[in-house]
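Here is the structure we will look at, set down as structure tokens.
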Ligand code: ADP
Ligand code: ZN
Ligand code: ZN
């Protein structure tokens, strides 16, 4: 028998070759930094079923380990399939991604130098991967005993709101939707479930409640002539059926959001969907309400949604039910079946760049996606990035401007206060004489005040007077920040903390001092200086609880707070008519960052915080405290002169060959063994330099050098920066070198294309 079997096997003609034309194979990618897909054979039982965009199980590598991958293409075999490993399992019944989305993710992998599978893994929500095919979502209804339990005692307000929403509804409501309607996080739902008031049930998503609920519908505003003009251009672009990127440069308070809304109205009237990307921090109930009150179906994509909620939203969007999707960075991947427009509000915000693999910039992904689908991309900002500005001035993109605020409100006057000889500051205060007087006057006139300081904690430096060194985190190359409320010195990078250091860890002297002012110390100073005023601090320490951010802003809006102080958090998109004074405590701390974009960031922050005042007939003023009153970014910001700043800064960048006149890719190495990381990075840099000399002498290779934060969470960090006229040329060179590269165990490498932070 055995002989016969062998004979039979040998006697079979080379059918793989002969029939190659009808044999299908599958290209599969994995969640790994691999450049190319792997090819597998498709067993008969999967032949009809398997399509690109489905997940499969198959073996990878020598160990024959079974792993999950994404099938990205089903195609004719080009040659013998005999040697190919088979697909072992198909995990989905429908593709998770459209052909367009496959193309988009492939582009991201190639543009941002990472694996296609890594992009897919990050783009498809975990809930979608896990539950695809099921279409069940978790929802809540009031339990049979609800009224009896509620009768036994008064509920906290948040929980009562949830109950009220359900009382008004005529059926169960999906968890995500319920949170939105009740303006709360998942906390109150869980508590109510524990109390037995809510019953969780699973329902089919088709009947999972309407998207709108009972948000008041508001009328359109009558646009002013500036808005009308811009809207006309946008509508022309929408009707052209071609892709254009439009940069809407509009002053703070010029009514950009109103223009977005009217543009989207047009898109919806074509039966298409629009995606609006906003910085995560702007996803406040106010923003959401603003869109909900104007459209009948709005989906909101938060970063703190559960897998189930995300899955539900994803399906709603894919079904075409949703008109408008509002969300943070990753909403750019929302699976709209018939996209009509993408809007990116506050285009300059760094949060649109993802900080881990895939390190994509949502603006560039949106640009590609809009090109793919032949629809316009609308970018909006009062302080556009120089990247976007340069494209607009070169007419690669269209520039639309709204230089004036609505209702003929002027932009607030900005006063630069030189604090070098300020008597109060010299005595150790953070609020100088001029600001002190202005706050007093604003409060007297019943105005509200915003104070901006971008350092949290009590004192940003713990410092030894004897040996003159800062007390640093043992794991990071960063001085500790004193948090007085916790009685701890804290590392703002890894959260390492120690009780108040009594002795200097270097010289053991007891002369340890706290230096500088963070938001906590400022809060104390303000409370002491203005004892009658109500003060509220907003920073990531005081706003840890979900929802606390919105709560704080509501308090401020209703006038329960006189002085709001905080970090970047308060610089974003707030619109409060009663704010008559904004103080920037220390413009220098932003200017002195070791970052190529320090000037740009300083300008943006001053301009954005300044934009928080003068939003009513009451007017408003801005005071900027600095020891560098002649600095260009401070000066231009004080004149609200974006054009002046942009042209000044672009000259500087051009002279130094920096972006946007070049493309930078940063290669970061990290490991526990310093000499090893150092040596590895140097070897790679040498290889890059040699390759550049040979292949593309215009490419510059800087480093290897210790990264600005050389130690982070215990890892040593070194980096290389590769600089070239185009991203494509960096890529060519890097891929040539990377193909010939083996990293020693213990050294990890990350590649960041167009980095926006240089830590
Ligand atoms: P931006 O996004 O440019 O900062 P907003 O769209 O938030 O500006 O508008 C600022 C304020 O002006 C909002 O309160 C908005 O309701 C109001 N507003 C916008 N357009 C008009 C208009 N045409 N007429 C009256 N008020 C307007
Ligand atoms: Zn010391
Ligand atoms: Zn640390």
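Residue numbers (this note's numbering): 8 to 766.
Heads up, the beta-carbon is just placed ideally off N, CA and C, and yes, glycines get one too.
Sequence-distant residues of the same chain with beta carbon closer than 7 Å to residue 698, five excluded per side: By one-based count along the chain shown, residue 698 stands at place 691. Only 740, 743 and 744 meet the Cβ criterion.
Beta-carbon gap between residue 572 and residue 460 smaller than 9 Å: Working through the chain shown from its first residue, we reach residue 572 at position 565. Working through the chain shown from its first residue, we reach residue 460 at position 453. Yes, the Cβ-Cβ distance between residue 572 and residue 460 is below 9 Å.
Check whether residue 468 and residue 522 have beta carbons under 9 Å apart: Start at 1 with the first residue of the chain shown, and residue 468 comes out as number 461. Start at 1 with the first residue of the chain shown, and residue 522 comes out as number 515. Their beta carbons are under 9 Å apart, which means residue 468 touches residue 522 by this criterion.
Reduced DSSP category for residue 713 - H, G, I as helix; E, B as strand; rest coil: By 1-based counting over the chain shown, the position of residue 713 is 706. In this structure, residue 713 counts as strand in the three-state DSSP scheme.
Check: residue 503 C-beta below 8 Å from any heavy atom of ligand 3: What you label residue 503 is simply residue 496 of the chain shown in a count that begins at 1. True, at least one ligand heavy atom lies under 8 Å from that Cβ.
Segment limits, beta strand (DSSP E) that includes residue 629: Position 622 of the chain shown, counted from the first residue, corresponds to residue 629. Here the beta strand (DSSP E) through residue 629 covers 628 to 633.
Reduced DSSP category for residue 355 - H, G, I as helix; E, B as strand; rest coil: Walking along the chain shown from the start, residue 355 turns up at place 348. DSSP places residue 355 in coil when its eight states are reduced to three.
Residues bridged to residue 66 [DSSP beta-bridge criterion]: Here residue 66 refers to the residue found at position 59 of the chain shown. DSSP lists 73 as partners of residue 66.
Cβ neighbour criterion (16 or more within 10 Å) applied to residue 225: Position 218 of the chain shown, counted from the start, is the residue given in the question as residue 225. It counts as exposed.
Inter-residue spacing [alpha-carbon to alpha-carbon] between residue 629 and residue 620: As a first step, residue 629 must be located in the chain shown, where it is residue number 622. As a first step, residue 620 must be located in the chain shown, where it is residue number 613. Distance between the alpha carbons of residue 629 and residue 620: 8 Å.
Given residue 34 as reference, the closest of 72, 250, 92 and 52 once Cα atoms are compared: Indexing the chain shown from 1 puts residue 34 at position 27. When only C-alpha atoms are compared, the closest one is 92.
Cut-off 7 Å between Cβ atoms - residues of its own chain near residue 746, not counting five sequence neighbours on either side: Taking the chain shown and counting its residues from 1, the one referred to as residue 746 is at position 739. Hits under 7 Å: none found.
Counterpart residues of residue 57 in DSSP-defined beta bridges: The residue you call residue 57 lines up with position 50 of the chain shown. DSSP output for residue 57 lists no bridge partner at all.
Sheet register partners of residue 425 (DSSP bridge): Translated into positions along the chain shown, residue 425 becomes position 418. Looking at the DSSP assignment, residue 425 forms a beta bridge with 633.
For residue 726, the three-state DSSP class (helix, strand or coil): Indexing the chain shown from 1 puts residue 726 at position 719. Residue state, collapsed to three classes: strand.
Residue nearest to residue 470 in terms of C-alpha spacing, selected from 496, 149 and 275: Position 463 of the chain shown, counted from the first residue, corresponds to residue 470. Of the listed residues, the one whose Cα sits closest to residue 470 is 496.
For residue 455, the residue or residues it bridges with in DSSP: Here residue 455 refers to the residue found at position 448 when the chain shown is read from its first residue. According to DSSP, which records beta bridges pairwise, residue 455 is partnered with 586.
Cβ contact (3+ pairs, closer than 8 Å) linking the segment 624 to 640 and the segment 379 to 391: no
Distance cut-off 8 Å: residue 622 Cβ against heavy atoms of ligand 1: For the purposes of this step, residue 622 is taken as residue 615 along the chain shown, with counting starting at 1. Yes; taking the cut-off as 8 Å, the Cβ of residue 622 has a heavy atom of ligand 1 nearer than that.
Buried or exposed (CB count within 10 angstroms, at least 16 for buried), residue 593: Sequence index remark: in the chain shown, residue 593 carries index 586 (1-based). Flag for residue 593 reads buried.
Given residue 147 as reference, the closest of 308, 311 and 170 once Cα atoms are compared: Within the chain shown, residue 147 is the residue found at index 140, counting from 1. Nearest option by C-alpha distance: 170.
Element boundaries [beta strand (DSSP E), containing residue 641]: Here the question's residue 641 lines up with position 634 in the chain shown. No beta strand (DSSP E) contains residue 641, which is instead part of the alpha helix (DSSP H) from 639 to 645.
Buried versus exposed call for residue 631 [16 or more other C-beta atoms within 10 Å across all chains shown]: Locating residue 631 in the chain shown gives position 624, counting from the first residue. Residue 631 comes out buried.
Proximity below 9 Å, CB of residue 766 to CB of residue 719: Translated into the one-based positions of the chain shown, residue 766 becomes position 759. Translated into the one-based positions of the chain shown, residue 719 becomes position 712. Contact flag set, yes.
Test item: CB-CB of residue 263 and residue 254 under 9 Å: Here the question's residue 263 lines up with position 256 in the chain shown. Here the question's residue 254 lines up with position 247 in the chain shown. Contact: no.
Rounded C-alpha distance that separates residue 196 from residue 165: Here residue 196 is taken as the residue at index 189 of the chain shown, counted from 1. Here residue 165 is taken as the residue at index 158 of the chain shown, counted from 1. Answer to the nearest angstrom: the Cα atoms are 9 Å apart.
Selection from 502, 244, 530 and 323 that minimises the alpha carbon distance to residue 775: For residue 775 there is no data in the structure shown, the boundaries of the chain being 8 and 766.
Where residue 306 sits in the DSSP three-state scheme: Position 299 of the chain shown, counting from 1, holds the residue named residue 306. Here residue 306 sits in strand by DSSP.
Residue span of the alpha helix (DSSP H) that contains residue 235, given as start and end: For the purposes of this step, residue 235 is taken as the residue at position 228 of the chain shown. 232 to 247 is the extent of the alpha helix (DSSP H) around residue 235.
CA-to-CA distance, residue 99 to residue 141, given in whole angstroms: Your numbering for residue 141 matches position 134 in the chain shown. Your numbering for residue 99 matches position 92 in the chain shown. Because residue 141 sits at a pLDDT of 43, beneath the cut-off of 50, its placement in the model cannot be relied upon, and the point is left open.
Residue 684 and residue 736 closer than 9 Å at C-beta: By 1-based counting over the chain shown, the position of residue 684 is 677. By 1-based counting over the chain shown, the position of residue 736 is 729. Not in contact: residue 684 and residue 736 (Cβ atoms no closer than 9 Å).
Residue 675 and residue 729 closer than 9 Å at C-beta: Within the chain shown, the letter at position 668 stands for residue 675. Within the chain shown, the letter at position 722 stands for residue 729. Contact flag unset, no.
Range covered by the alpha helix (DSSP H) that runs through residue 377: Counted from its first residue, the chain shown places residue 377 at position 370. Its alpha helix (DSSP H) spans residues 369 to 379.
CA nearest to the CA of residue 192, picked from 266, 294 and 313: On the chain shown, residue 192 is found 185 positions in, with the first residue counted as 1. Of the candidates 266, 294 and 313, the one whose C-alpha sits nearest the C-alpha of residue 192 is 313.
Contact test: residue 547 Cβ vs ligand 3 heavy atom, cutoff 8 Å: Start at 1 with the first residue of the chain shown, and residue 547 comes out as number 540. Flag unset: Cβ of residue 547 not near ligand 3.
Alpha-carbon spacing of residue 646 relative to residue 185, whole angstroms: The residue given as residue 646 occupies position 639 in the chain shown. The residue given as residue 185 occupies position 178 in the chain shown. Roughly 46 Å between the two C-alpha positions.
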